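Structure first, commentary second.
Protein chains: 2
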Amino acid sequence: MSDTASGPDTTSPYVIVSSDTHAGLPCEEYRPYLDPGVLDAFDDYVAERHEHRRLAEETNAEFIARWESENAEGLRGGHDPEVRDKELDADGVAGEVIFADADAVTGQESPPFGAGLHAGQITDPVLAFAGARAHNRWLVDFCATNPVRRAGVALVPITHDIDRAVAEIEWLADKPGIRGIMIPTMWHGFPPYSSRHYDRVWAACQDAGLVVHTHSGEADFDAYGDNIAIYVNEVPFWTYRTLWHLLLSGTFDRFPGLRYAVVECGSWWVGDLLWKADVNFGASYKIKKLSAKVKGLLSRLPSEYVGTNVFIGASTMSREEIRRRHVNGIDALMWGTDYPHPEGSWPHTVERLTSDFRDVSVEDTRRLLGLNAVECYRMDLEGLSEIAARIGPTPADLHQDPDLRTPPDAVRKARWWFDEYGIPFPGEGGGER
Amino acid sequence: MSDTASGPDTTSPYVIVSSDTHAGLPCEEYRPYLDPGVLDAFDDYVAERHEHRRLAEETNAEFIARWESENAEGLRGGHDPEVRDKELDADGVAGEVIFADADAVTGQESPPFGAGLHAGQITDPVLAFAGARAHNRWLVDFCATNPVRRAGVALVPITHDIDRAVAEIEWLADKPGIRGIMIPTMWHGFPPYSSRHYDRVWAACQDAGLVVHTHSGEADFDAYGDNIAIYVNEVPFWTYRTLWHLLLSGTFDRFPGLRYAVVECGSWWVGDLLWKADVNFGASYKIKKLSAKVKGLLSRLPSEYVGTNVFIGASTMSREEIRRRHVNGIDALMWGTDYPHPEGSWPHTVERLTSDFRDVSVEDTRRLLGLNAVECYRMDLEGLSEIAARIGPTPADLHQDPDLRTPPDAVRKARWWFDEYGIPFPGEGGGER
Chain A
15 MSDTASGPDT TSPYVIVSSD THAGLPCEEY RPYLDPGVLD AFDDYVAERH EHRRLAEETN
75 AEFIARWESE NAEGLRGGHD PEVRDKELDA DGVAGEVIFA DADAVTGQES PPFGAGLHAG
135 QITDPVLAFA GARAHNRWLV DFCATNPVRR AGVALVPITH DIDRAVAEIE WLADKPGIRG
195 IMIPTMWHGF PPYSSRHYDR VWAACQDAGL VVHTHSGEAD FDAYGDNIAI YVNEVPFWTY
255 RTLWHLLLSG TFDRFPGLRY AVVECGSWWV GDLLWKADVN FGASYKIKKL SAKVKGLLSR
315 LPSEYVGTNV FIGASTMSRE EIRRRHVNGI DALMWGTDYP HPEGSWPHTV ERLTSDFRDV
375 SVEDTRRLLG LNAVECYRMD LEGLSEIAAR IGPTPADLHQ DPDLRTPPDA VRKARWWFDE
435 YGIPFPGEGG GER
Chain B
15 MSDTASGPDT TSPYVIVSSD THAGLPCEEY RPYLDPGVLD AFDDYVAERH EHRRLAEETN
75 AEFIARWESE NAEGLRGGHD PEVRDKELDA DGVAGEVIFA DADAVTGQES PPFGAGLHAG
135 QITDPVLAFA GARAHNRWLV DFCATNPVRR AGVALVPITH DIDRAVAEIE WLADKPGIRG
195 IMIPTMWHGF PPYSSRHYDR VWAACQDAGL VVHTHSGEAD FDAYGDNIAI YVNEVPFWTY
255 RTLWHLLLSG TFDRFPGLRY AVVECGSWWV GDLLWKADVN FGASYKIKKL SAKVKGLLSR
315 LPSEYVGTNV FIGASTMSRE EIRRRHVNGI DALMWGTDYP HPEGSWPHTV ERLTSDFRDV
375 SVEDTRRLLG LNAVECYRMD LEGLSEIAAR IGPTPADLHQ DPDLRTPPDA VRKARWWFDE
435 YGIPFPGEGG GER
């Protein structure tokens, strides 16, 4: 796949990288990966998981039965690499970024003690690390089955113990197919992620080339009771909150090689965040009380970190989010199927792409569907292209217009706040901030 | 001011109601309004306030000196009703919705114990109510100086004691010019505002016709250290969080006459919130896991409560927020000058309106600048119009085009998610939810 002198490549298959998939063992099968000292606690955990399934079945029986019977084979791919590759093939997906917790419906394929998407809820640091390491040991083996295709995201509960976190990151550094770590979504009583407390963690991730992630799941559960609507409405905040804690505290200036991705909380909110933050930093004289206080916190405008240090694992984007791609970050947004969860596009990804990307240029589509993820995770584009040549849908398959081009000033125009507030657009020169 | 058969009134002066102003005594002057039992604690508080000013002067001397000298007379209007009316006149503002804490720069005009914008930080319920009641006693007198013009928002720390909160609301109910209460922005360790725990408070406010408010100020201070940029970025969330806790828990179905306004955290976020919430409730079959769980929580779509039960005190709107008025709520958005704070449009409101409303129809401008607030606070439109006849800028003063009309389908078009998700637009019929 390559662009020609006459324009972008509009015929080769898309190299699709799903920036959001999940894998994990059925919970009891994590036993051999665990340290012996936590096995009693593990038995309690497994019993609790089965009770959790029983309760889920009580309230949502019909949906669970249909989902699990219609997708019985595909769901096995949550932990069976051969089945998984067949599912990815059928869905047109060449590469994938793998998070824990394969079963989002009844929570059976969950790392010990909830060390996956709910790691922040664990109070005992011994259990937090035992659960994370059990999953990581398994994940290393799992990714080794196809390290070109798989970018595994290991679990590191950095809030619980900095020394152990750094040791785990160093252990992960040279494992084939391990491309990132997921940290607890919320810091609870521990220092916030804007604190220098975590600098050794960020340094280790920068050195190891591992992308740091928060992934949606946890939220302020005490505030919701049984009101799922409030949870759904709030959970993005708790997930993307880490983005600005890292960015606005200058973390990416102290660690310029550090990359962070926020996953499965959409991307609709990005543009307004950048507008507000760019104005605070780039036109702060408008905020008369603040100008002295924000000066010098960052070396670039907040929006300039997006696509270099900050990436958005936007999962199965809505059409509105696709329309907002130039304001939100055409070089940062990453499609994801959420396989094997029911919220995403699996097993109908090509159908979904055909319906939603029809009015998008091929070059933009290439970025959103794969190239941004390849860049973020430093994946093997050549290896992935070989897979894509076999299974990837082409622009013609998605009924796209090969002559549609992205205007060169698309980002400039979409980010309207530069002109409106008189902030020099990056690369166009201008004064000191 | 009235529309004619041939179209809207495009010549009368605007009835401007600032939905966000502040008033309060210099802190030591609250002494005579306090219960005797808290006077020792009050002396400590006053000393702390003066130390606060000293520290503010240490870090931001230049701005403070300029602000206070250039606006010396106008700032006295923070507690002097005659000066205040002159300032409102000069700014073209007929009516105002008054919150506590007149001094946003060095915090001198702050109700005892921080019972104003930071009430949630008070841990002792005795002090919380003592401070609130001292301010309320003063505010009742202050609003009585001109009850047509002033809509006072009293302080009620509902988290600390439901019985005392209800008693205070009942005491406030018949006071001329008192139109609402402000509750602590954050509930901290108390039950969230989505809990039935507060139903007696909402019932009392409904009966008294008092609008419930959260106003920006408090946030998760422990998470910011001295990083003001993170605070500025997060504070809207902590302010508008109450909106969906009330709305999505069915509070406005249990109390259909209850009105709530969220103040000084902008309005840019409203459209996306409504998109997401309307889809969850109106097209929840798309969220396969959730459909059973959200059904029946509300009797209308979330966006339908905006403009009847939910109002947005958007303060000095940015031009982008003015452009988004039809998606965010043309019948809910309320301009505010933030007088006498430096963040707002005072003392240059007419200048600001002239620059920002040029492309807005007169009918939309009338709503945003005043009529929505008159509706929300049940203010005396006739009385306000008399004041406006003397001081209000006309559409011609704002260089507006009198022939510009709002298309009848402006809201329908702006709220794109109805068509995109196949949700019947309110009033156009359609199936059961």
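Note that the protein sequences, when read in sequence, are chains A and B.
Residues 15 to 447 in this note's numbering are what the first sequence spells out, letter by letter.
Residues 15 to 447 in this note's numbering are what the second sequence spells out, letter by letter.
Each residue gets a CB set at the ideal place from its N, CA and C atoms; glycine is no exception.
These figures come from a predicted structure and were not determined experimentally.
Is the segment 247-263 of chain B close to the segment 199-207 of chain B, with three or more CB pairs under 8 Å? Segment contact: the segment 247-263 of chain B against the segment 199-207 of chain B, three or more CB-CB distances shorter than 8 Å; contact assigned.
Interface partners of isoleucine 244/B on chain A, CB under 8 Å: Going along chain A in sequence order, the residues near isoleucine 244/B (Cβ under 8 Å) are Ser208, Trp258, His259, Leu262, Ser263.
Which word fits histidine 413/B, buried or exposed, when buried means at least 16 other C-beta atoms lie within 10 angstroms of its C-beta? Sixteen is the threshold: since fewer than 16 other Cβ atoms of the shown chains lie within 10 Å of the Cβ of histidine 413/B, the residue is exposed.
Buried or exposed: where does aspartate 378/B fall if 16 or more other Cβ atoms within 10 Å of its Cβ makes it buried? Under a 10 Å Cβ-count criterion, aspartate 378/B is classified as buried, with 16 or more other Cβ atoms of the shown protein chains found around its own Cβ.
Identify, in the order they occur along the chain, each residue of the same chain with its Cβ nearer than 6 Å to the Cβ of serine 33/B, setting aside the five sequence neighbours on each side. Taken in chain order, the residues that qualify are Val111, Gly327, Met348, Gly350, Ala387.
Using 9 Å as the threshold, is the C-beta distance between valine 225/A and glycine 194/A below it? Result yes, Cβ atoms of valine 225/A and glycine 194/A sit closer than 9 Å.
Nearest residue (CA-CA) to glutamate 123/A, options Trp152/A, Leu53/A, Glu96/A, Met393/A: Distance check between glutamate 123/A and each of Trp152/A, Leu53/A, Glu96/A, Met393/A places Trp152/A closest, using alpha-carbon atoms only.
Starting from isoleucine 176/A, trace the beta strand (DSSP E) both ways and give me its first and last residue. Counting along the chain, no beta strand (DSSP E) covers isoleucine 176/A; the unbroken alpha helix (DSSP H) around it starts and ends at 176-186.
Output needed for serine 359/B: all residues of its chain with C-beta closer than 6 Å, excluding positions within five of it in sequence on either side, in chain order. These residues qualify, in order along the chain: Thr330, Thr351, Arg366.
Got a sec: which bits of the segment 349-370 of chain A sit with their beta carbon under 8 Å from any beta carbon on chain B, in order along the chain? Answer in chain order: Pro356, Glu357.
Could you name the residues of the same chain whose beta carbon sits closer than 6 Å to that of histidine 259/A, not counting the 5 residues immediately before and after it, in chain order? Only Pro206, Tyr207, Ser208 meet the Cβ criterion.
Please state the DSSP three-state secondary structure of glutamate 232/A. Three-state DSSP puts glutamate 232/A in coil, outside helix and strand.
Run through chain A and tell me which residues come within less than 7 Å of lysine 8/B, C-beta to C-beta. Because chain B in this structure spans residues 15 to 447, residue 8/B falls outside the shown range and cannot be described.
Isoleucine 405/B beta carbon less than 9 Å from that of aspartate 103/B: Less than 9 Å separates the beta-carbon of aspartate 103/B from that of isoleucine 405/B.
Neighbourhood of asparagine 323/A by C-beta, 7 Å cutoff - its chain only, sequence neighbours within 5 removed: By the criterion of a C-beta distance shorter than 7 Å, asparagine 323/A is surrounded in its chain by Phe266, Leu272, Arg273, Tyr274, once the five residues flanking it on both sides are discounted.
With 16 as the cutoff for other CB atoms within 10 Å, does arginine 80/B come out buried or exposed? Taking a 10 Å sphere around the C-beta of arginine 80/B, we find fewer than 16 other C-beta atoms and assign the residue as exposed.
Would you say valine 320/B faces chain A, with C-beta separation under 9 Å as the test? By this cut-off, valine 320/B is not an interface position.
How about arginine 333/A: is its C-beta nearer than 9 Å to some C-beta of chain B? It does; some Cβ of chain B falls within 9 Å.
Closer than 6 Å by C-beta to isoleucine 401/A: which residues in its own chain qualify, once you throw out the five before and the five after it? Chain order, please. Ala108, listed in sequence order.
Looking at C-alpha atoms only, which residue of Cys157/B, Gly310/B, Thr173/B, Cys41/B is the closest neighbour of valine 140/B? Nearest C-alpha to valine 140/B: Thr173/B.
How would you write the range of the beta strand (DSSP E) that valine 111/B sits in, first residue to last? If you look at valine 111/B, you'll find it in the beta strand (DSSP E) that goes 109-113.
Partners in chain A for tryptophan 283/B, counting only beta-carbon separations shorter than 9 Å: Close to tryptophan 283/B, with beta-carbon spacing below 9 Å, are these residues of chain A in chain order: Trp283, Asp286.
Contact under 9 Å by Cβ, leucine 262/A with asparagine 247/B: Cβ atoms of leucine 262/A and asparagine 247/B: closer than 9 Å.
Pick out the complete beta strand (DSSP E) segments inside the segment 40-121 of chain B, 3 residues or longer, and give them in chain order. 109-113, all fully within the segment 40-121 of chain B.
In terms of residue numbering, what span does the alpha helix (DSSP H) encompassing tyrosine 391/A cover? Boundaries of the alpha helix (DSSP H) around tyrosine 391/A: 386-391.
How would you write the range of the alpha helix (DSSP H) that histidine 340/A sits in, first residue to last? It spans 339-342 - the alpha helix (DSSP H) in which histidine 340/A sits, taken as one unbroken run.
Whole angstroms is fine: what's the gap from histidine 227/B's alpha carbon to aspartate 115/A's? Their Cα atoms are separated by approximately 40 Å.
I want to see whether chain B comes within less than 9 Å of alanine 328/A, judged by CB atoms only; does it? No, because no Cβ of chain B sits closer than 9 Å to the Cβ of alanine 328/A.
Quick check: is the beta carbon of glutamate 434/A nearer than 9 Å to any beta carbon in chain B? Yes, its Cβ sits closer than 9 Å to a Cβ of chain B.
Quick one, which residues of the segment 83-102 of chain A are near chain B if we go by CB-CB under 9 Å, in chain order? Taken residue by residue, none of the segment 83-102 of chain A has a beta-carbon sitting less than 9 Å from a beta-carbon on chain B.
Rounded to whole angstroms, what's the CA-CA distance from proline 171/B to alanine 179/B? Just pull it up for me. Their backbone Cα atoms lie some 7 Å apart in a straight line.
Sub-9 Å separation of glycine 166/B and valine 154/B beta-carbons: Contact: yes.
Coil, strand or helix - isoleucine 197/B by DSSP: In this structure, isoleucine 197/B counts as coil in the three-state DSSP scheme.
If we ignore side chains and look at the alpha-carbon of each, how far apart do glutamate 71/A and leucine 39/B end up? So the alpha carbons of these two residues sit roughly 59 Å apart.
From the DSSP output, which residues share a beta bridge with arginine 164/B? As computed with DSSP, arginine 164/B is found in a beta bridge with Glu110/B.
Scan the segment 256-287 of chain B and note each continuous alpha helix (DSSP H) run of 4 residues or more that stays entirely inside, going in chain order. Within the segment 256-287 of chain B, complete alpha helix (DSSP H) segments of at least 4 residues are found at 265-268, given in chain order.
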